[in-house]
Amino acid sequence: MLDRKYILENADAVKQNCDNRNVKVDVDRLVQLETARRVKQQEVQDLNTEANAASKKIGQAKDDAQREPLKVAARQLNKNKDAAQDEHDKLDAEINELQLLVPNMAHPDCPVGVDDKSNLELGRGKHAPREFDFKPLDHLELGEKHDWIDFEGGSRTTGNGFYFLKGEMVLLDLALQQYAVAELMKRGFTPTVTPDLAQDSVLEGIGFNPRGPETQIYSIENMNLSLIGTAEITLGGLYSGKTVMDTELPIKLCGISHCYRTEAGAAGRASRGLYRVHQFTKIEMFAFTLPEQSDAVHEELRQIECDLFDAIGVPYRVVDTATGDLGGPAYRKYDLEAWMPGRGESGEWGEVTSTSNCTDYQSRRLNIRYKQKDKKGTNFVHTLNGTAFALSRALISILENHQNADGSVTIPEVLRSIMGRDVMGAA
RNA sequence: GGAGAAGUGGCUGAGUGGUCGAAAGCGCCUGAUUGCUAAUUAGGUGAACGGGUCAAACCGUUCCGCAGGUUCGAAUCCUGUCUUCUCCGCCA
Numbered sequence: 000m001l002d003r004k005y006i007l008e009n010a011d012a013v014k015q016n017c018d019n020r021n022v023k024v025d026v027d028r029l030v031q032l033e034t035a036r037r038v039k040q041q042e043v044q045d046l047n048t049e050a051n052a053a054s055k056k057i058g059q060a061k062d063d064a065q066r067e068p069l070k071v072a073a074r075q076l077n078k079n080k081d082a083a084q085d086e087h088d089k090l091d092a093e094i095n096e097l098q099l100l101v102p103n104m105a106h107p108d109c110p111v112g113v114d115d116k117s118n119l120e121l122g123r124g125k126h127a128p129r130e131f132d133f134k135p136l137d138h139l140e141l142g143e144k145h146d147w148i149d150f151e152g153g154s155r156t157t158g159n160g161f162y163f164l165k166g167e168m169v170l171l172d173l174a175l176q177q178y179a180v181a182e183l184m185k186r187g188f189t190p191t192v193t194p195d196l197a198q199d200s201v202l203e204g205i206g207f208n209p210r211g212p213e214t215q216i217y218s219i220e221n222m223n224l225s226l227i228g229t230a231e232i233t234l235g236g237l238y239s240g241k242t243v244m245d246t247e248l249p250i251k252l253c254g255i256s257h258c259y260r261t262e263a264g265a266a267g268r269a270s271r272g273l274y275r276v277h278q279f280t281k282i283e284m285f286a287f288t289l290p291e292q293s294d295a296v297h298e299e300l301r302q303i304e305c306d307l308f309d310a311i312g313v314p315y316r317v318v319d320t321a322t323g324d325l326g327g328p329a330y331r332k333y334d335l336e337a338w339m340p341g342r343g344e345s346g347e348w349g350e351v352t353s354t355s356n357c358t359d360y361q362s363r364r365l366n367i368r369y370k371q372k373d374k375k376g377t378n379f380v381h382t383l384n385g386t387a388f389a390l391s392r393a394l395i396s397i398l399e400n401h402q403n404a405d406g407s408v409t410i411p412e413v414l415r416s417i418m419g420r421d422v423m424g425a426a
């Protein structure tokens, strides 16, 4: 969330930003409430001073006879104090509700526009979409042909949107993970296998609403636990409430987890197969940085995503997300969209990664700070996240781009030694 | 899963209803002193929020895992919750 003081002092910029992002929030009311709250806060503090002094006097009294009348007075003071506190808390709660709706400010270079039509293509990967001299299959057909992906079994055991990976597909899945983790370790990331469940309070801290009619989150009955939708939740939770030394930053983590999403109301042709599923494995990059580092680290995350997809020979384009298409916490977001020959009529771009600089929007909520030696006080860190591989979609991109006329799939060079073969699905 | 114990400042650790934001030690910072890779000594040393200031100083409120409760008053008593440890049981 944004700092209240910042909102108060930059109300016009905040309003403009909300318009750019196509988010409706009553900023004026927020400002008005916060101004009132500050006055009330002073009142509460003064009443507290009074009540504390009165209590102290009772402690110093000689005997009960002296004490009783003082108690009566103190009780009244406390009543006044509590009443003022209640009024303050009400204001505070209302402000908080509004404050949570206010999105992060956007990077000045961010393309301005109310939806994804204004997204800006920044560039393409090393590999251009391939011209097939045969009719390419989609990943579902390939998966069925070789018994690599079993959706029917997934539905029967678990439900629609679940699947089994089998045979060489498992080798590919594991090889991608191993490759990504090794590459990220080379670049200073600490590999971190996280829990797949987290306490609801952690979800809420990161900005997910675990229970309720519109939730995308699976939660465990009779427990305050939910399945995570991304390792961002657990990795953020890992540092929530902590203060680190500035010299430790940037902290770069490579999260490995399963991700669970209900995907309520997202069925249809565009989400066939592995594209939109309820469970997938994800190798996620996450970074905590100093404020002045975050832009550079964001570029680094984007570059890593490009390097990974170049390495597996998948064509992609890089998109600079427009203001109206940004999630609330993002200051700037780049997506990689891979070419998927089996998608749509004759191939379409499909999102495979996403990297966001969330500046201090999440850390303020999570209370993650850094301290500078010899300086008083602390500041909020910046947080960034980026997908290395979301396995489900990475698998689609490899199968569909590297398929051969006979239905086999040529394995990207960097994965061959890991998988112990050059081709999968060979006759 | 059952029984018990515990969570205090950067760390160790005292504190069972008021004088406690909190003893003591360690660490760290500043000064003094000794001519030696350190000792001795004096002092200082948490955070958030609000006010204040050019910036400080300074003032106020809050914070002893977290959330509630009792009380004029809670680190201290009560409830819930999270975490850790010990013992028992079960288990990959």
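Final position of the first sequence in numbering that gives the first Met the number 0 is 426; the numbers increase by one with none missing.
Where is the CB? At the ideal position from N, CA and C, for every residue including glycine.
- Approximately 6 Å separates the beta-carbon atoms of Leu-307 and Ala-179; this is inside 8 Å, confirming the contact.
- Between Cys-253 and Thr-320, the gap from beta carbon to beta carbon reaches 8 Å or more.
- If only complete runs of 4 or more residues are kept, the region 215-257 shows the alpha helix (DSSP H) at 230-238, in order along the chain.
- Counting only runs of at least 3 residues, the region 338-371 fully encloses the following beta strand (DSSP E) elements, listed from N- to C-terminal order: 347-356, 368-370.
- Spatial neighbours of Asp-245 in its own chain (CB-CB distance under 7 Å, excluding positions within 5 residues in sequence) are listed in chain order as Leu-289, Tyr-369, Lys-370, Gln-371.
- CA-to-CA, the gap between Ala-10 and Tyr-333 works out to about 27 Å.
- In this structure the region 193-209 does not touch the region 157-169; the number of beta carbon pairs closer than 8 Å is below three.
- Less than 8 Å separates the beta-carbon of Leu-29 from that of Ile-94.
- Collapsing the DSSP output to three states places Thr-261 in coil.
- Pairing Lys-39 with Ala-83 gives a Cβ-Cβ distance under 8 Å.
- In the three-state scheme derived from DSSP, where H, G and I count as helix and E and B as strand, Ala-393 is classed as helix.
- Listed in chain order, the non-local C-beta contacts of Val-201 below 6 Å within the same chain comprise Gly-236, local neighbours out to five positions each way being set aside.
- C-alpha of Leu-224 to C-alpha of Asp-199: approximately 6 Å in a straight line.
- Unbroken alpha helix (DSSP H) runs of no fewer than 4 residues, entirely contained in the region 12-98, are found at 26-59, following chain order.
- Residue environment: Gly-376 is assigned as exposed (fewer than 16 neighbouring CB atoms within 10 Å of its CB, all protein chains considered).
- Between the alpha carbons of Ala-295 and Gly-240 lies a gap of roughly 25 Å.
- The Cβ neighbour count for Met-423, taken over all protein chains shown within 10 Å, is at least 16; the residue is labelled buried.
- The three-state secondary structure of Asn-378, taken from DSSP, is strand.
- With 16 or more other Cβ atoms from the protein chains shown falling within 10 Å of its own Cβ, Thr-382 counts as buried.
- Rounded to whole angstroms, the gap between the alpha carbons of Lys-80 and Lys-55 is 16 Å.
- Closest option to Gly-343, judged by alpha-carbon separation, among Gly-272, Lys-4, Val-313: Gly-272.
- Going by DSSP, Val-180 is part of the alpha helix (DSSP H) stretching over 167-185.
- In this structure the region 355-362 does not touch the region 42-53; the number of beta carbon pairs closer than 8 Å is below three.
- Proximity to Arg-3 across Leu-32, Asn-19, Val-22 peaks at Leu-32, based on C-alpha coordinates.
- Relative to Ile-205, the option among Phe-188, Met-284, Asn-103, Thr-233 whose CA is nearest is Thr-233.
- In terms of Cβ geometry, Tyr-274 and Ile-395 form a close pair [threshold 8 Å].
- In the DSSP assignment, Ala-295 falls within the unbroken alpha helix (DSSP H) covering 293-310.
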